[in-house]
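Worksheet: the structure to be examined is printed underneath.
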Amino acid sequence: MKADVVLGLQWGDEGKGKIVDFLTPDYYMVARFQGGPNAGHSLEFNDKKIVLHTVPSGIFRENTLNLIGNGVVIDPVVLMNEIATIEAMGVDVKSNLIISKRAHLILPTHKIMDAASEASKGKTRIGSTLKGIGPAYMDKTGRNGLRIGDLLSDTFSERYNALKNKHLHILKQFDFEYELEESEWFKAIERIKTLRLADSEYEINNLLNSHKRILCEGAQGSLLDIDFGTYPYVTSSTTICSGACTGLGIAPGRIGEVFGIFKAYCTRVGGGAFPTELNDETGEKLRQTGREFGATTGRPRRTGWLDLPALKYSIMVNGVTQLIMMKADVLDDFDKIRIAVAYKINGKIYETIPYDMNHTDIEIIYKDFEGWKTKISDCKSYKKLPAAFKNYVDFIETATGCSLKAISVGPNRDETIVR
Ligand code: GDP
Ligand code: IMO
Ligand code: MG
Numbered sequence: 000m001k002a003d004v005v006l007g008l009q010w011g012d013e014g015k016g017k018i019v020d021f022l023t024p025d026y027y028m029v030a031r032f033q034g035g036p037n038a039g040h041s042l043e044f045n046d047k048k049i050v051l052h053t054v055p056s057g058i059f060r061e062n063t064l065n066l067i068g069n070g071v072v073i074d075p076v077v078l079m080n081e082i083a084t085i086e087a088m089g090v091d092v093k094s095n096l097i098i099s100k101r102a103h104l105i106l107p108t109h110k111i112m113d114a115a116s117e118a119s120k121g122k123t124r125i126g127s128t129l130k131g132i133g134p135a136y137m138d139k140t141g142r143n144g145l146r147i148g149d150l151l152s153d154t155f156s157e158r159y160n161a162l163k164n165k166h167l168h169i170l171k172q173f174d175f176e177y178e179l180e181e182s183e184w185f186k187a188i189e190r191i192k193t194l195r196l197a198d199s200e201y202e203i204n205n206l207l208n209s210h211k212r213i214l215c216e217g218a219q220g221s222l223l224d225i226d227f228g229t230y231p232y233v234t235s236s237t238t239i240c241s242g243a244c245t246g247l248g249i250a251p252g253r254i255g256e257v258f259g260i261f262k263a264y265c266t267r268v269g270g271g272a273f274p275t276e277l278n279d280e281t282g283e284k285l286r287q288t289g290r291e292f293g294a295t296t297g298r299p300r301r302t303g304w305l306d307l308p309a310l311k312y313s314i315m316v317n318g319v320t321q322l323i324m325m326k327a328d329v330l331d332d333f334d335k336i337r338i339a340v341a342y343k344i345n346g347k348i349y350e351t352i353p354y355d356m357n358h359t360d361i362e363i364i365y366k367d368f369e370g371w372k373t374k375i376s377d378c379k380s381y382k383k384l385p386a387a388f389k390n391y392v393d394f395i396e397t398a399t400g401c402s403l404k405a406i407s408v409g410p411n412r413d414e415t416i417v418r
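With numbering that gives the first Met the number 0, letter number 342 in the sequence shown gets 341, and the count goes up by one each step, no holes.
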């Protein structure tokens, strides 16, 4: 059996949580493969809305196993608060959640270093969620990190103190005031030790060997990928499909369907390139109609039209096999809808994206579409959707060479049209 992957093709917040929750009944396990509490994945069902940060979005479906993979970085306090919220909703988290022993820990000092680094950057700051993600991955790749499995070691305290002291030493170089909050963190790690900690690469491969279906859940988006995103305005992990291999221990040949999900327009939180950004009334209308405010930080999201050169790039680096379009309903009331089909740079036309999008003067070439002016969430099948909407979809499918498996027309589980 091969594992399928759901990942975002833009700058995050495409609606991964909703789609993973929607697809979960077809799977035995949902496995998060990278990122950490910088993610905010929203789920809506039975008049409830919940935002998950570290726990996979399959947790609300009975009899589904959920795995936090080795590629994820874990803040024990965030994780335990999240588990408490989910348990209060009647879910048996302890039975259905597995945590990889190889996942790295976010220390209290990682968060301070994140904040100090951002403060020192001034205007060029990334716009990090300040959850300690960058510093935790730096310690991972620098071979200094502490892992979930280390919590079980007798020497954990010594190793924690050594790393903390190293961080405090680095922090002296910054003109930055901070308070070190450790007591909640130590309480949380005691509780983590009572959860199912596993050599999850064995568990996941054994499940695939016994023909169990696995859905890998990405966080962030492809344009925030550490290699292929708009560097340095990116996150610190591999958000593209190959991250599912390294973040879970699945061989490349065992990846099946790659569901690439994108909004019918674009959003971005934090700094960095956004060629189709709208700093006008239309952008504000997208933000208000789409409720585009960060699920993790509450920050207003920047908004703009769908960007095909960027979307095609993401489809390419991920090997997307099926597309899923999200939040199409947000465009219901627009008279004219635009798609960026090419970039004009120094008088030349490109359908590819430039090396340094952040510092390139890009003029956008748009194709305009008639708005469908219909409440598409009332259409219960693809057939019933208005012609203007189908025209928009056909154009995207032809331009990307990829078919649309599903269209999301509202935040609720049920508001999904499968083709
Ligand atoms: P994620 O990080 O990719 O899981 O996405 P977020 O949860 O951060 O942001 C997506 C937001 O859009 C959430 O508030 C969802 O409830 C909402 N949402 C998801 N799909 C749709 C949709 O099809 N239509 C509308 N209107 N909202 C949606
Ligand atoms: P989900 O999984 C949107 C952005 C931050 C910042 C940059 C680096 O909900 O789609 P970091 O905290 O990683 O150092 O921030 O990446 N960012 C996200 N934007 N959705 C996310 O996650 C994000 N996770 C990080 O805003 O610009
Ligand atoms: Mg989000």
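Every residue gets a Cβ at the ideal spot worked out from N, C-alpha and C, and that includes glycine.
Where the beta strand (DSSP E) through residue i begins and ends
{"i": "Ser-407", "result": "403-407"}
{"i": "Arg-64", "result": "It is Leu, not Arg, that sits at residue 64 in the sequence shown. First-last of the beta strand (DSSP E) with Leu-64: 64-67."}
{"i": "Ala-2", "result": "2-7"}
{"i": "Asp-367", "result": "362-369"}
{"i": "Glu-216", "result": "213-216"}
{"i": "Lys-335", "result": "335-344"}
Endpoints, alpha helix (DSSP H) assigned at residue i
{"i": "Cys-244", "result": "241-245"}
{"i": "Arg-31", "result": "Counting along the chain, Arg-31 falls outside any alpha helix (DSSP H), though it belongs to the beta strand (DSSP E) covering 28-31."}
{"i": "Lys-100", "result": "Segment: none, Lys-100 is in no alpha helix (DSSP H) and carries neither H nor E."}
{"i": "Arg-300", "result": "Where Arg-300 is concerned, there is no enclosing alpha helix (DSSP H), given that its DSSP letter is neither H nor E."}
{"i": "Thr-288", "result": "280-288"}
{"i": "Val-19", "result": "15-22"}
{"i": "Arg-146", "result": "Neither: Arg-146 is in no alpha helix (DSSP H) and is coded neither H nor E."}
{"i": "Asp-138", "result": "132-140"}
{"i": "Met-315", "result": "307-317"}
{"i": "Ile-203", "result": "199-208"}
Residue i Cβ short of 7 Å to the ligand IMO heavy atom set
{"i": "Asn-317", "result": "no"}
{"i": "Thr-53", "result": "no"}
{"i": "Ser-313", "result": "no"}
{"i": "Lys-130", "result": "yes"}
{"i": "Ile-395", "result": "no"}
Proximity to residue i [Cα-Cα], best of the options
{"i": "Leu-78", "options": "Thr-53, Phe-175, Asp-413, Glu-276", "result": "Thr-53"}
{"i": "Thr-419", "options": "Met-324, Asn-143, Ala-398", "result": "The chain is shown only over 0 to 418; residue 419 falls outside these bounds and no answer can be derived."}
{"i": "Ala-218", "options": "Asp-360, Ser-182, Ser-236", "result": "Ser-236"}
{"i": "Tyr-365", "options": "Glu-396, Lys-122, Lys-389, Trp-304", "result": "Trp-304"}
{"i": "Phe-155", "options": "Met-315, Ile-188, Leu-66", "result": "Ile-188"}
{"i": "Gly-269", "options": "Gly-89, Thr-234, Leu-22", "result": "Thr-234"}
{"i": "Arg-412", "options": "Pro-24, Asp-12, Asp-3", "result": "Pro-24"}
{"i": "Asn-317", "options": "Ile-375, Leu-403, Ser-221", "result": "Ser-221"}
{"i": "His-40", "options": "Arg-124, Pro-308, Leu-6", "result": "Leu-6"}
{"i": "Trp-10", "options": "Tyr-381, Arg-300, Asp-334, Asp-331", "result": "Arg-300"}
{"i": "Ile-314", "options": "Glu-283, Thr-296, Leu-403", "result": "Leu-403"}
{"i": "Ala-386", "options": "Thr-373, Lys-379, Asp-377, Glu-396", "result": "Thr-373"}
Cα-Cα separation, residue i to residue j
{"i": "Phe-227", "j": "Tyr-201", "result": "29 Å"}
{"i": "Ile-254", "j": "Phe-173", "result": "44 Å"}
{"i": "Ala-197", "j": "Ala-294", "result": "29 Å"}
{"i": "Arg-190", "j": "Tyr-342", "result": "51 Å"}
{"i": "Gly-248", "j": "Ile-363", "result": "40 Å"}
{"i": "Ala-250", "j": "Cys-244", "result": "6 Å"}
{"i": "Leu-145", "j": "Asn-205", "result": "26 Å"}
{"i": "Gly-370", "j": "Ala-263", "result": "12 Å"}
{"i": "Asp-138", "j": "Gly-131", "result": "11 Å"}
{"i": "Glu-178", "j": "Gly-400", "result": "52 Å"}
{"i": "Ile-49", "j": "Asn-345", "result": "46 Å"}
{"i": "Arg-298", "j": "Phe-292", "result": "5 Å"}
{"i": "Gly-68", "j": "Ser-199", "result": "7 Å"}
{"i": "Gly-259", "j": "Pro-410", "result": "18 Å"}
{"i": "Leu-64", "j": "Lys-1", "result": "17 Å"}
{"i": "Phe-185", "j": "Asp-74", "result": "11 Å"}
{"i": "Leu-122", "j": "Asn-357", "result": "Note that residue 122 corresponds to Lys in the displayed sequence, not to Leu. Roughly 14 Å between the two C-alpha positions."}
{"i": "Ile-425", "j": "Thr-266", "result": "Only positions 0 to 418 of the chain appear in this structure, which leaves residue 425 out of reach."}
{"i": "Asp-279", "j": "Glu-183", "result": "43 Å"}
{"i": "Tyr-159", "j": "Glu-176", "result": "22 Å"}
Residue i: CB within 7 Å of a non-hydrogen atom of the ligand MG
{"i": "Gly-35", "result": "no"}
{"i": "Gly-419", "result": "This structure leaves residue 419 out entirely; the chain is present only between 0 and 418."}
{"i": "Gly-39", "result": "yes"}
{"i": "Ala-118", "result": "no"}
Contact under 8 Å by Cβ, residue i with residue j
{"i": "Ala-339", "j": "Thr-415", "result": "no"}
{"i": "Phe-32", "j": "Gly-246", "result": "yes"}
{"i": "Val-19", "j": "Leu-150", "result": "no"}
{"i": "His-103", "j": "Ala-135", "result": "yes"}
{"i": "Glu-117", "j": "Leu-129", "result": "yes"}
{"i": "Thr-320", "j": "Glu-256", "result": "yes"}
{"i": "Ser-407", "j": "Ile-323", "result": "yes"}
{"i": "Val-90", "j": "Phe-59", "result": "yes"}
{"i": "Ile-111", "j": "Leu-170", "result": "yes"}
Residue i CB to nearest heavy atom of the ligand GDP below 7 Å
{"i": "Asp-328", "result": "yes"}
{"i": "Val-408", "result": "yes"}
{"i": "Glu-414", "result": "yes"}
{"i": "Ala-294", "result": "yes"}
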